[in-house]
Structure formats: C-alpha cells, structure tokens
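K.L.:
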Amino acid sequence: MSILKAVDVCKSFQGNMAVDHASLDVEEGKITGLIGANGAGKTTLFNCMSGYYHATSGKIVYKETEVQHKTAQQLCHMGVARTFQIAKPFGMLSVLENTVVGGFNRAKNRNEAYDAALESLKLVGLLDKKDTLALLLNTGEQRKLELARALATKPEVLLLDEVMAGLTPTESAEMVKLVSKVNESGITILMIEHIMPVIMKLSNKIYVMERGRMIAEGLPEEVAENPKVIESYLGKGLEVEAC
Amino acid sequence: MKTNKLETVTLIILLSIAIVVPFFFGRYLLSVAISVLIMALLGQSWNIMSGYAGQFSFGHAAFFGIGAYSSSILYIDHGISPWIGMIVGMIIAALVGVLIGFLSFRYKLRGDFFALVTLAFAEILRVLFNNTKALKGAGGILIPYKTKWTEFQFASDRTFYFVLLAMVVAATVFIAVMSKRKFGICLVAIKENQDAAGALGVPVLKYKLIAMAISAAIAAMAGTFYAQYYGFIDPAIVFAASISVEAIVPCIIGGAGTLGGPLLGALIIIPLQEISNSIFEEVNGLNMIIYGTLIVIFVVFCRNGIYGRIIRKLKGAES
Numbered sequence: 001m002s003i004l005k006a007v008d009v010c011k012s013f014q015g016n017m018a019v020d021h022a023s024l025d026v027e028e029g030k031i032t033g034l035i036g037a038n039g040a041g042k043t044t045l046f047n048c049m050s051g052y053y054h055a056t057s058g059k060i061v062y063k064e065t066e067v068q069h070k071t072a073q074q075l076c077h078m079g080v081a082r083t084f085q086i087a088k089p090f091g092m093l094s095v096l097e098n099t100v101v102g103g104f105n106r107a108k109n110r111n112e113a114y115d116a117a118l119e120s121l122k123l124v125g126l127l128d129k130k131d132t133l134a135l136l137l138n139t140g141e142q143r144k145l146e147l148a149r150a151l152a153t154k155p156e157v158l159l160l161d162e163v164m165a166g167l168t169p170t171e172s173a174e175m176v177k178l179v180s181k182v183n184e185s186g187i188t189i190l191m192i193e194h195i196m197p198v199i200m201k202l203s204n205k206i207y208v209m210e211r212g213r214m215i216a217e218g219l220p221e222e223v224a225e226n227p228k229v230i231e232s233y234l235g236k237g238l239e240v241e242a243c
Numbered sequence: 244m245k246t247n248k249l250e251t252v253t254l255i256i257l258l259s260i261a262i263v264v265p266f267f268f269g270r271y272l273l274s275v276a277i278s279v280l281i282m283a284l285l286g287q288s289w290n291i292m293s294g295y296a297g298q299f300s301f302g303h304a305a306f307f308g309i310g311a312y313s314s315s316i317l318y319i320d321h322g323i324s325p326w327i328g329m330i331v332g333m334i335i336a337a338l339v340g341v342l343i344g345f346l347s348f349r350y351k352l353r354g355d356f357f358a359l360v361t362l363a364f365a366e367i368l369r370v371l372f373n374n375t376k377a378l379k380g381a382g383g384i385l386i387p388y389k390t391k392w393t394e395f396q397f398a399s400d401r402t403f404y405f406v407l408l409a410m411v412v413a414a415t416v417f418i419a420v421m422s423k424r425k426f427g428i429c430l431v432a433i434k435e436n437q438d439a440a441g442a443l444g445v446p447v448l449k450y451k452l453i454a455m456a457i458s459a460a461i462a463a464m465a466g467t468f469y470a471q472y473y474g475f476i477d478p479a480i481v482f483a484a485s486i487s488v489e490a491i492v493p494c495i496i497g498g499a500g501t502l503g504g505p506l507l508g509a510l511i512i513i514p515l516q517e518i519s520n521s522i523f524e525e526v527n528g529l530n531m532i533i534y535g536t537l538i539v540i541f542v543v544f545c546r547n548g549i550y551g552r553i554i555r556k557l558k559g560a561e562s
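As given, the protein sequences belong to chains P and V, one line each in that order. The working numbering applies: residue 1 is where the first sequence begins, and numbers increase by one. The working numbering applies: residue 244 is where the second sequence begins, and numbers increase by one.
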C-alpha cells in the first residue's frame, strides 16, 4: 500500500521544467530509492513532496489526503520528516538541543520532547556527544545529527536526501546499517542516493529520473539492467560531444 | 553544564555589585549608571528578536518611541499614571511589532531587507509624530516634575536607578528562562536555519512574531522610563536612528544571542563614551566615531562579541 505518492507532478522555475510530469509511489514500510544524474530533478521532486516547494501542477497524496498545498511544517506534524542534502545543524545549539527541536514536534511536554530526542540520539550513536555544540561536529556526525533530528519528530515517512554524501567508506557503511535499522523500526523511507551499491542494497524499489522525467522504475536488478538507465548514467555508445 | 553554572554565578555577582554601587555614587556617576542600564535594557530587547531569533532590526527606536509617547500622552492629556501608560505602551508596541513582522514575513522578506523595513518604520513614525498636532508635533512633551511614586516620579535618582535595574533584571531572567525552553531553543533554530527549523515542525512565522512582540514591549518599557527620568521627549530624540543604534551596539560588542552579552556591551560602551567625551570635549559626535570603529573591529575580528567568544571557548573546552 502506498503511504506517500506524487501524481503527475510538475515544478517549473521561470519556465524551466525541473520536474516534468513525474509520478512516484512510496510503499508503506519499505525503502524506496530515487536515483538520477546531477540536475535530474530529484531534490526538487523531494522538496515538493516534503512541502518545501509547492508543485506547479500535479498532486502529492499522503495517506489518501492531498497535501500539495501544505507547508513543510504542517507535513512534519502529519508525519513526513526530511533531511537536507547539505546538513543544516543549528551550530550554536548543543547536539541535544538540536534534536529536541525535532522532539517538540509531537511531544506534549518538555520531558516527552527530551525523551524522544535522547532516544533518537541513542539510535544514531551520538548520545555521548549530546552536550557538544553542533558546530564542533565533523561531517559524519552532522549527518547523524540531521537524521536524529528528523527521527525525533516521530515521523511515519522519512525522506533522506543523500545521507551518505561526504562520508568516509566506514561512516557510509555505518549509515547503511542505521538506515536499515530505522526502516526495521517501522518507518517508511524514501531516499535519494548517488552511491549505487548503497541504494541497490537498501532499496525495495527504485525510481530513476532524468531531466525532470521518470524514466524507469522497478526492482533494483531490473533498473540496473534497463538500457535507458545505463544510457542516462554512462551516455550513448558512440556519441562524441565536443567539450 | 559547568559553563551555565559559571554564567549564573557571574551574573549574580554582577547584580550584587549593581545593587551596592549606587550608594557610593554621586549625581554624575549615577546618571552614567542609568545610561548604562537604559542601553542594557534596549540591548536585551534587541537581543530577543535579533540576537536569539536572528531577525535583524534597525528600527528599535520605533518601539522605544511608542513606549515613551504612549505613557506621556496618556499622562499629560488624560492624567493616567505612567505605570499604566507603560503597560499600554508595551501592548501598542507589541502590536506594531507584530504588524511590521507579519507584513514583512508574509512577503518573505529576510535578513537585510527585513532590517530596512524596520528602519523605514522608525523613520515613518518620527516624521509622523513630528508633523501631527494631536501627537504634540515637533515641540515634544515636557513631563511635569511631581515626585510621586504612583506617577513614576521619584525624588532621588537612586530610586530611578533601582526601578530600572529591576527592569533589566526582569528582562535578563526572562531571557535566561526562555533560552532553556522550547520557545528559546526554537528561536535559535530559526536563526540558524529557518528552513531546517520549519522542516522539523517549528511554527516559524508564529515564533518570529511572538519574539518581535516581546522585544518591542521591552523596548517600549525602556521608552517610558526614559520619558519619566529625563522629563522631556520629542520625536527627534525618541525615534532617532541613534536609539536604534544604541539597541544594536551593546549586542554586537558583548555578543548577540547570549544572556550577558548586551549587559557587558553596555558596561563597556557608555563609560568609554563618557571618558572620550570628557577628554575631547570640543569634538562633537566623537561617540559616533567610537561606535563605528568598535563595530568595524568587532564585526571583523570578533563576530560573536566578547561574551559570546568566552562562552564558545568554555563550551568548546567542555566537550
């Protein structure tokens, strides 16, 4: 059953179609992957689905409700959380305070918010850094914090925008484990990722975007063998372009 | 945690000094101390909206002037005690703050553009008050000297000092409590990254407007005090851009978005200004030159202010 879907979504910036009639289904309880070359429109579609942008046309449906006019804040209350491609820690707040900002989303009181924050910090393994100022974290820790904050909002669907970007192979492997752990705890995930082995391993279903359009969808193996996808990533056989 | 304790202890020591000191001060030093506290109060007001919530205001004179004029007009024309006038002024200033905020944020003004809107509002009010007869025009308002505490007038400057000190302490305690609670934490999140805060479910617009309302109300409180203490106001004084600057400077020097920054800033600037004024008596506007130089130095070399830098160092060392 799909919990969040984009139906025929377009998003144009001054006539430039960044997302062109793209549709996507996120199945409940699963991990859905979204891949594509740089500038394919993945993040734009993502932004439309998380309420950060409003789609020019088309529908975003969350649990049978149309949500294309909702703001990010409203969607977060409804249970759709996201992380950003570039980690955006609140530098002058401690790691715990950063996370508690997310915790307040559903908590009825202070204690509940702090409990939610501590719980998600424990899950991502940042508990021992809870009193550190966020600006003192390294990239890997910042990514984890980004994830912890989103988790503290107690989402049902989590949109991850390149959580592996800038991580070392070790950190990356850790993050893969973390993402599966989050998914096993019952949270549906939609993720954008560039690192193919990662997305192939994690996703139950993959969507491929190119120039704003959805060019393929299916199981990871199917997508990997799809000629259109190979072309989009590696280019056409004999075409030589001046560069 | 240690840093927080150290901060509390430091501020309590500072408060005890502030309580004892006026008994050793003569008229002149007491008036300097009052200037320090007025600047500290304005600074704390600015600190909430611009230091914590990151919505840079260039026009705090608007709120200061509204406070000064509300209580004074109510007092002169209707005989209403300035204490009540102060509260009315705070409410009006808060409403004006919300109005400015709503209009600006509704049209997605951020950063410098928002700062320009606040500057424009303060200027509009100055011109409006200057040219409106019902608001006493350019002549301003002279407040009769009565020395009755029910009318916010005291025989001794020392009492004025303690009333003002109580206001500064109240504002500081408010910020201390706020910064540890949901509201304060979310304000900092909004300052650091509004979009990320929104994505975590923080009601960005609502919180920004509340911060503006509180900030405006405190500035209005300072305005009423100013009117009652100096006994004379006119649009060129209370709506002046220099008042807005006085709200900003202590925060920049001390550290915006820190509890004690504006207090420290005011403690440094006013004495410095007094000293330079007495040394270079014949040079008019030297204090402005000092402001300018200090701001440039701090913006370039010490972005977080003195207090902010110390706090950062301590917190960094702690973890």
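A virtual CB, placed ideally from N, CA and C, is assigned to each residue, including glycine.
#1: When you compare the CB positions of Ile337(V) and Ala460(V), do they come within less than 8 Å of one another, or not?
#2: Examine chain V for any beta-carbon lying closer than 8 Å to the beta-carbon of Gly79(P), and answer yes or no.
#3: Check the Cβ of Ile446(V) against every Cβ in chain P and list those closer than 9 Å, keeping chain order.
#4: What are the boundary residues of the beta strand (DSSP E) that Met196(P) is part of?
#5: Here's the rule I'm using: 16 or more other beta-carbon atoms within 10 Å means buried, otherwise exposed. How should Glu225(P) be labelled?
#6: Hey, does Glu250(V) have any beta-carbon neighbour from chain P nearer than 8 Å?
#7: Tell me where the alpha helix (DSSP H) around Ser163(P) begins and ends.
#8: Within the chosen definition, does the stretch 292–309 of chain V reach the stretch 361–375 of chain V through at least 3 CB pairs nearer than 8 Å?
#9: Which residue's Cα is closest to the Cα of Lys5(P): Lys11(P), Pro89(P), Lys181(P) and Glu28(P)?
#10: Interface residues of chain V around Tyr105(P) at Cβ under 7 Å?
#11: With contact counted as at least three CB pairs below 8 Å, one residue from each stretch, are the stretch 397–412 of chain V and the stretch 326–340 of chain V in contact?
#12: Going by CA-CA distance only, name the one from Asn47(P), Ile31(P) and Lys205(P) that's closest to Leu178(P).
#13: From Leu151(P), Ile199(P), Gly140(P) and Val19(P), pick the residue whose C-alpha is nearest to that of His35(P); which is it?
#14: Could you check which residue in Gln298(V), Lys451(V) and Tyr404(V) has the C-alpha nearest to that of Arg270(V)?
#15: If you compare alpha carbons, which of Gly498(V), Ser314(V) and Ala442(V) is closest to Ile476(V)?
#16: Would you decide whether Leu75(P) is buried or exposed? Buried here means 16 or more other CB atoms lie within 10 Å of its CB.
#17: Between Ser347(V), Phe307(V) and Asn247(V), which lies nearest to Leu368(V) when the distance is taken from Cα to Cα?
#18: Is the number of C-beta pairs between the stretch 384–394 of chain V and the stretch 314–327 of chain V that are closer than 8 Å three or more?
#19: Can you tell me whether DSSP reads Asn16(P) as helix, strand or coil?
#20: Compute the distance between the beta-carbons of Val7(P) and Gly79(P), then report whether it is under 8 Å.
#21: What residues in the stretch 410–431 of chain V bring their beta carbon closer than 8 Å to a beta carbon of chain P?
#22: Name the one or two DSSP bridge partners that Glu217(P) has.
#23: Report the three-state DSSP secondary structure of Met191(P) (helix, strand or coil).
#24: Kindly list the residues whose CB is nearer than 6 Å to the CB of Ala55(P), restricted to its own chain and excluding five residues on each side of it in sequence; keep chain order.
#25: Roughly how many angstroms lie between the CA atoms of Asp438(V) and Ile256(V), to the nearest whole one?
#26: Tell me whether the beta-carbon of Val492(V) lies closer than 8 Å to the beta-carbon of Gly508(V).
#27: Taking the alpha-carbon positions, what's the Pro451(V) to Ala72(P) distance?
#28: Unbroken alpha helix (DSSP H) runs of length 4 or more, entirely within the stretch 253–293 of chain V: which are they?
#29: Leu502(V) to Lys245(V), Cα distance in whole Å?
#30: List the residues of chain P whose Cβ lies closer than 9 Å to the Cβ of Pro451(V), in chain order.
#31: Lys558(V) CB to nearest chain P CB: under 8 Å?
#32: Spatial neighbours of Leu135(P) within its chain, please: CB distance less than 8 Å, with the 5 preceding and 5 following residues excluded, ordered by chain position.
#33: Please report whether the beta-carbon of Cys10(P) lies at a distance below 8 Å from any beta-carbon of chain V.
#34: Check distances from the C-beta atoms of the stretch 114–131 of chain P to those of chain V and list, in chain order, the residues that come in under 8 Å.
#35: Do Ala465(V) and Tyr295(V) have their C-beta atoms within less than 8 Å of each other?
#36: I need the boundaries of the alpha helix (DSSP H) containing Gly36(P), first residue and last residue.
P.N.:
In terms of the structure at hand:
#1: Residue identity differs from the one stated: residue 337(V) is Ala in this sequence, not Ile. Result yes, Cβ atoms of Ala337(V) and Ala460(V) sit closer than 8 Å.
#2: no
#3: The amino acid occupying residue 446(V) in the given sequence is Pro; Ile does not appear at that position. Here the neighbours are Gln73.
#4: Counting along the chain, Met196(P) falls outside any beta strand (DSSP E), though it belongs to the alpha helix (DSSP H) covering Met196 to Leu202.
#5: exposed
#6: no
#7: According to the sequence displayed, residue 163(P) carries Val and not Ser. Premise fails: Val163(P) is in no alpha helix (DSSP H) and is neither H nor E.
#8: yes
#9: Glu28(P)
#10: In the sequence as presented, Tyr is not what sits at residue 105(P); that position holds Asn. The contacting residues are Leu443 and Gly444.
#11: no
#12: Ile31(P)
#13: The sequence as given places Ile at residue 35(P); His does not occur at that position. It is Ile199(P).
#14: Tyr404(V)
#15: Ser314(V)
#16: buried
#17: Phe307(V)
#18: yes
#19: strand
#20: no
#21: Arg424, Lys425, Ile428, Cys429 and Val431
#22: Tyr207(P)
#23: strand
#24: Val9, Lys11, Cys48 and Gln68
#25: 40 Å
#26: yes
#27: Here the sequence assigns Lys to residue 451(V), which means Pro is not the residue at that position. Roughly 17 Å between the two C-alpha positions.
#28: 270–289
#29: 15 Å
#30: Here the sequence assigns Lys to residue 451(V), which means Pro is not the residue at that position. The premise fails here: Lys451(V) is roughly 13 Å from chain P at the closest Cβ pair, so nothing lies under 9 Å.
#31: yes
#32: Pro89, Gly91 and Met92
#33: no
#34: Lys129 and Asp131
#35: no
#36: First-last for Gly36(P): Ile31 to Gly36, but that is the beta strand (DSSP E), not the alpha helix (DSSP H).
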